[in-house]
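Student:
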C-alpha cells in the first residue's frame, strides 16, 4: 500500500509527459490523457483519506534520507490540490479550446504543477520539500506566461520573488543540514529543540520568507496581483486556490511540526498569552487582510480584484494558523479548503465571462445575468461564501477564526479580521454588479452561457460551497484528526456545526439554512399570490421621463466606490510596491553607471580582462603560492 | 413541537407588528414636529395594502423580483435569533457573531435586486449603502467585542440572562451603549444617514424601479428591519425583558429618542458619514473596549 | 355569489387605494408654487394619505401642473406609461385645459386629454391649495365609486391616443 504514495506522486508527472506526446497525435488524445491522469490522481488521493503513514524512504541525497509521508493534514491539502487540478483540467479543455498557443506543453505543465504540489504535501523531509517547491515555482512560472505579452512581465516578477524566497529557504535548509546532517522532519524538530534562540529565529525567518512570498502575505505580496490577473483564466484559480496554500501548509509544518516544543513551553516571550513569533505572524496576516481589502475595493479589473481578495483571504488562513489554539488553527485550515473552493469558483466564473466577452474590465461589462444565468448563480454562491455570509462555507471557517481570537482576547486583530470581512461585501458586490447586473451593453446582446465542459467544474465548486457550509463536520473529521498528531487538543464538533463550549457561542448551520429556506418559501408564496408582474425591458426605466436608448450609457459602474476612495486616500498612497521599485531603480542605476564601466560590451576590453586574469593566474602558479 | 411551530409563526408576526407600530408612530410624530396634523395613525397599513393590491407590477428579471423576497426571508431569519421575553427560538444555533452576518443576508438580497433594476440611481444607492455599512461596521464590531468580553460569551440569551435584575450593560458599559445607539441609528438609515435613499439626489436609490407589490414587500421588510436593529440594541444594552410588554416599552424608549434626532438633522455626504463613524464612535468604542480589557 | 365576493374585494381595494395616494408631479414654474403650501403645515395634504413620491413606478397620481409643450409631452407620456395600474391623472390649472395664457402659442399643448386620459381637472390660474385639496377629495370619491378609470380608457383607446401623440411628436 505504501508504494502507492510513490505511484501517486508519479502519476501526474507521467500524465504530463504522456499528454505532451499524445498532443502530437491529436488534441483529443491530449485532453483524454490529461483528464484521465488528473482523475486517477484524485482517486489515488482518496485511498489515503484519514490515513497516517509515518515515512516511506524513496531515496537518499547527501546522506539525508528522502522521505514521503502522509497524515490527515497533508491529506487536506492533497485533496485541495488533486480536486482543484482535476476541475481545472476540465475547464481548460473548454477555455483553451482554440489552439492559440502550444497547448501540449500547457497540459504538461499543469500536471507537473499538480505533481509538484503533491510532492510538497507528501514530503517527509526538507530536501524533498525544497525540490518539489522549486519544480512548482518553475512550472507555474511557465503557466503564467501563457497569458500573453503582459503576463511575461508578471511572470518575471513572480519568478524573481519566488527565487528570492527559495534562496532564503535554501539557506535555512543548508543551516539545518550543517547542524543536524539529516533533514527529516522529526530530526529537524529535535535539532531546533536543542538549538540556541538565535539559530531558531534565523531558521524560522528564512523559511518564513520563502513561505510568505508564496502565500503573498503583505510585504511580500507584490507578485500576486499581476501574476494572478495576467495568467490565463484556468491558471488563475490554480494559483489562487491552490498554489498560495502551499505557503500556508509550509507555515503550518514549520510552526507545529518543527517548533512545537518552543511554542508549547513558555520559552519565547509572549504577548496576549501568544508566543511573540506567532503574534508577529498574526499581525502580518491581519495587515494583509485589511490593506488588501482596501485595495480590492478600488480595483477596476475583475481578476485583479479577485487577486487582491486572495491576499486578504490567505491572510485569514495564516491568521487562523498563527492563533495557536485548536479552534483557530482548525479554522485556518478549514478556511484554506474553503478559500480554494470559492476562489476557484470565482476565478473560473470570471474566466467564463472573459471567454464569452473577451474583457475583464468591470466598467465595460454589465447586465449579463439575462445572458449567462448559470454562471451568475454560481458566482453568486461564490461571493456569498467569500463574504462570509451564512449558510455557505466561508462563514463557518471565518466564524471559527473570530471565536478563536475572541477567546484569546486579541481584540485588535479581531477588529481587523471583521473589517476585512465587511470590506469583502463591498468588493464582491462590485464584482457581481458590474459584470452581471445593471444595463446590458448592446455589443453583448448575443452572448450565450458557456459550454457544458466549463459549466461542470464551476457547478461542482458551487455545490461544494453549500455542502461544506451546511456540513462543516465533513472537513472537521479530517482536520481535527490531523491536528491531534501535531499535539492539539481536539475540538468538539458535530456534522452540522459546533456545540456550546467549543467556542464562546454555539453554531448550527443546518438550522440557519432550514429556517432561511422556510422563510424564503413563505415570502415567495405570498409574492406569488399577489397579481403577476409583467416583464419590462431594461430601456423602460426611470430616468425622470427621459427615454433611455441603447446609445445612452445608462449605467453606473466606473469608480463604483469613488467616494469611499476619498476616505481611504491616505492609505492607498502607501505603496509597498514603491519601496521595491526604489530598489529596482537602484539596481538599474548600479548596473547602468558602474557595471557598464566593467562590462562595456567591447571585445577588446573583455580580451584585456582575459589577459590580465591569465597573467595573474600564471604568476600565482609560477610563484607556487609563495606570495602568501 | 406544536409549541415550537406556534412560536415560529407568532414571532415574525409579532416582530412585524412592532415594527409596523413604530412606522405608524413615526409618521405622526414627524408630522407633529413639522407642525402638521399628520396622517391617520394606521396610514402605513393603507400604504402597504395598496401597494400589495396594485393591479399591475413590473419586473426587470428574476433577480429583481427575488430581491425583496430574499430581504424578507433574511429579516425573518434574524428575528428568530434575537431573544425576546424569554423566547429564544434559534439563539442556540448561532451566536452574536453569526447574527451580525445573518443580518447581512437581507441587505445582500436587496442589493442584488436593486442592481438588477438596471438603473444607475439604484447602483449609486447600493454603493452608498455598502460604503455606509463599512463605515458603521467598525464601531459596531468594537462594541460587540466589548459586550462579548464583558460577559465572557457570545451567546445572546446568555448575555441577556447576565443582565437580569437591572444589571444592564448600559450601566457597566455606558460608552459602548452610546456608540451602539449611534450605530443602530446609522444602520436604520435615518437622518442624517439617509444617504442611501436620498430622494432628491438618487431618487430613492435602491428602490427607484420598485413599485407595486415589490415596494410593498420592501416596506414590510422595513418594519422587520426596524424591529431587528432596535431589539438587538435592547438585548445587548438594556437587558432584554422578561415579558413582551416591557420589551416593547424598552424598544419604544429607544425609538423615541431616535425620532427626536430624525427630521431635525440635515444629510451627510457619504464620505463624511464614513469619516464620522471612523472618528468619534470608533474612538469612544475603543476606549470602552480598553476599559473592558483592563478590568 | 362568487361575483359578489369579487366585487367586494374590488371595493375594499378601492377603499384602500383612496386612502393612500402617492403623487408624482410634473411641474412648470408657476404651477409648482401652489404645491408646497398644500404639502406643508398650512394645508397638510398628508392628512388624507397623500404624499409626494419620487419615481414613476411608485406613484399613483400624475399631477400635471401647468402647460406642456412638445418637448415635455414626450417625458410626461413616458412617465405615465411607466406608472403602474391603477393610475390617475390630474390636470392642474387652465393650461392643461386649453393652454391658458399660452392659448395661441405654436409650441404649447393645449388639451391634455387628447394625449393622456385625465381623470380630473382643476380649473384656475392658479388654483389655490383649497381647490387642490378639494380636487383630491373628489378624486377619492371617484376612486371609491370606481369611476376613476382613466388608465382603462387609455388601454381601450390606445390607438386614438397614440395617433394624437404621433401627430404632435412626429
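Chains as they are written, first to last, in the numbering used here: chain L, 1 to 628; chain A, 1 to 295; chain X, 1 to 170. For glycine and all other residues, C-beta sits at the position ideal for the given N, C-alpha and C.
What residues in the region 24-41 of chain X have a beta carbon less than 9 Å from any beta carbon of chain L?
Tutor: Correct list: 26.
Student: Based on the DSSP output, what are the partners of residue 298 of chain A in its beta bridges?
Tutor: Nothing in the structure corresponds to residue 298 of chain A, since chain A is present only between 1 and 295.
Student: Tell me the residue span of the beta strand (DSSP E) that contains residue 51 of chain X.
Tutor: Residues 50-52.
Student: Kindly confirm or deny that the region 103-113 of chain A and the region 530-550 of chain L touch, where touching means at least three C-beta pairs closer than 8 Å.
Tutor: No contact exists between the region 103-113 of chain A and the region 530-550 of chain L.
Student: Can at least three beta-carbon pairs, one atom from the region 118-134 of chain A and one from the region 189-206 of chain A, be found at a separation below 8 Å?
Tutor: Contact holds: three or more Cβ-Cβ distances are below 8 Å.
Student: By how many angstroms is the C-alpha of residue 228 of chain L removed from the C-alpha of residue 596 of chain L?
Tutor: Roughly 35 Å separates the two Cα atoms.
Student: Among the candidates L/312, L/579 and L/582, whose CA atom is the shortest distance from the CA of residue 283 of chain L?
Tutor: Measuring from the Cα of residue 283 of chain L, the nearest candidate turns out to be L/312.
Student: Chain A partners of residue 113 of chain X, CB-CB under 9 Å?
Tutor: Going along chain A, no residue has its Cβ under 9 Å from residue 113 of chain X, so there is no contact; the nearest lies around 22 Å.
Student: Suppose only complete runs of 3+ residues qualify. What are the beta strand (DSSP E) ranges in the region 141-173 of chain A, listed by chain order?
Tutor: Complete beta strand (DSSP E) runs here, min 3: none at all.
Student: For the alpha helix (DSSP H) that residue 538 of chain L lies in, which residues bound it at each end?
Tutor: Where residue 538 of chain L is concerned, there is no enclosing alpha helix (DSSP H), given that its DSSP letter is neither H nor E.
Student: Is the region 365-383 of chain L close to the region 425-433 of chain L, with three or more CB pairs under 8 Å?
Tutor: These segments touch.
Student: For residue 111 of chain A, which residues in the same chain have their Cβ closer than 6 Å to its Cβ, ignoring the five residues on either side in sequence?
Tutor: Closer than 6 Å at the Cβ level, and outside the excluded window around residue 111 of chain A, lie 126.
Student: Where do the N-terminal and C-terminal ends of the beta strand (DSSP E) with residue 117 of chain A fall, by residue?
Tutor: Residue 117 of chain A -> no beta strand (DSSP E), and no H or E assigned at all.
Student: According to the Cβ coordinates, are residue 511 of chain L and residue 93 of chain A closer than 7 Å?
Tutor: Result yes, Cβ atoms of residue 511 of chain L and residue 93 of chain A sit closer than 7 Å.
Student: Starting from the C-beta of residue 15 of chain X, find all residues in its chain whose C-beta is less than 8 Å away, skip the five residues before and the five after it, and write them out in chain order.
Tutor: If we look at residue 15 of chain X and ignore the five residues flanking it on each side, its Cβ neighbours are 144.
Student: Within 10 Å of its beta-carbon, does residue 1 of chain L have 16 or more other beta-carbons around it, so buried, or fewer, so exposed?
Tutor: For residue 1 of chain L, the pLDDT reaches just 49, beneath the cut-off of 50, and the residue's location in the model is therefore unreliable, although a value from the coordinates is still provided. Flag for residue 1 of chain L reads exposed.
Student: With 16 other CB atoms within 10 Å as the buried threshold, where does residue 1 of chain X fall?
Tutor: For residue 1 of chain X, the predicted model reports a pLDDT of 47, less than 50, meaning its position is unreliable; a value from the coordinates is still stated below. Exposed, because fewer than 16 other Cβ atoms sit within 10 Å of the Cβ of residue 1 of chain X.
Student: Would you mind stating whether residue 64 of chain X and residue 21 of chain X have Cβ atoms separated by less than 7 Å?
Tutor: No.
Student: Kindly provide the ranges of any beta strand (DSSP E) runs that are 3 or more residues long and lie completely inside the region 530-618 of chain L, ordered along the chain.
Tutor: For the region 530-618 of chain L, whole beta strand (DSSP E) runs of length 3 or above, ordered along the chain, are 533-535.
Student: Considering residue 459 of chain L, what are the terminal residues of the alpha helix (DSSP H) in which it resides?
Tutor: Looking at the DSSP string, the run of the alpha helix (DSSP H) that includes residue 459 of chain L is 452-470.
Student: For residue 230 of chain L, return the contacting residues in chain A, with the cut-off set at a CB-CB distance below 8 Å.
Tutor: Neighbours of residue 230 of chain L on chain A: none; closest Cβ ~28 Å, over 8 Å.
Student: Identify whether residue 361 of chain L lies in helix, strand or coil by the three-state DSSP scheme.
Tutor: Residue 361 of chain L falls in the strand class under three-state DSSP.
Student: Which stretch, first to last residue, makes up the beta strand (DSSP E) that contains residue 53 of chain L?
Tutor: Start and end: 53-61.
Student: What do you get for residue 42 of chain X, buried or exposed, if any count of 16 or more other CB atoms within 10 angstroms of its CB means buried?
Tutor: Residue 42 of chain X should be labelled exposed.
Student: Would you kindly check if the distance between the Cβ of residue 507 of chain L and the Cβ of residue 520 of chain L is under 7 Å?
Tutor: No, the pair does not count as a contact, with Cβ atoms beyond the cut-off.
Student: State the CB to CB distance for the pair residue 259 of chain L and residue 136 of chain L, rounded to an integer number of angstroms; the pair is presumed to be in contact (CB under 8 Å).
Tutor: Not confirmed; about 24 Å, so no contact.
Student: Suppose the cutoff is 7 Å on Cβ atoms and the five residues either side in sequence are ignored; what does the same chain contact list for residue 61 of chain A look like?
Tutor: Same-chain partners within the cutoff: 116.
Student: Could you check if residue 315 of chain L is buried or exposed, using at least 16 other CB atoms within 10 Å of its CB as the buried criterion?
Tutor: With 16 or more other Cβ atoms within 10 Å, it is buried.
Student: If I measure Cβ to Cβ from residue 478 of chain L and keep anything under 7 Å in the same chain, skipping five residues before and after, which residues do I get?
Tutor: The residues are 50, 72, 75 and 76.
Student: Residue 71 of chain A: which of A/215, A/271 and A/194 sits nearest, CA to CA?
Tutor: Of the candidates A/215, A/271 and A/194, the one whose C-alpha sits nearest the C-alpha of residue 71 of chain A is A/215.
Student: Residues in the same chain with beta-carbon distance under 6 Å from residue 183 of chain A, minus the five sequence neighbours each way, listed in chain order, please.
Tutor: Closer than 6 Å at the Cβ level, and outside the excluded window around residue 183 of chain A, lie 136, 139 and 140.
Student: Over the uninterrupted alpha helix (DSSP H) stretch that includes residue 64 of chain L, give me the two end residues.
Tutor: That residue, residue 64 of chain L, is in no alpha helix (DSSP H); its beta strand (DSSP E) goes 64-70.
Student: By DSSP's criteria, residue 22 of chain X is part of a beta bridge. Which residues make up the other side?
Tutor: X/51, per the DSSP bridge assignment.
Student: For the region 70-88 of chain X, which residues have a CB atom closer than 7 Å to at least one CB atom of chain A, in sequence order?
Tutor: Answer in chain order: 84, 85 and 86.
Student: Is residue 55 of chain X close to chain D? Criterion is C-beta to C-beta, closer than 7 Å.
Tutor: Although the question refers to chain D, the structure presented lacks it and instead comprises the protein chains L, A and X.
Student: Using the C-alpha atoms, what's the distance from residue 247 of chain L back to residue 156 of chain L?
Tutor: Going by the C-alpha atoms only, they are around 19 Å apart.
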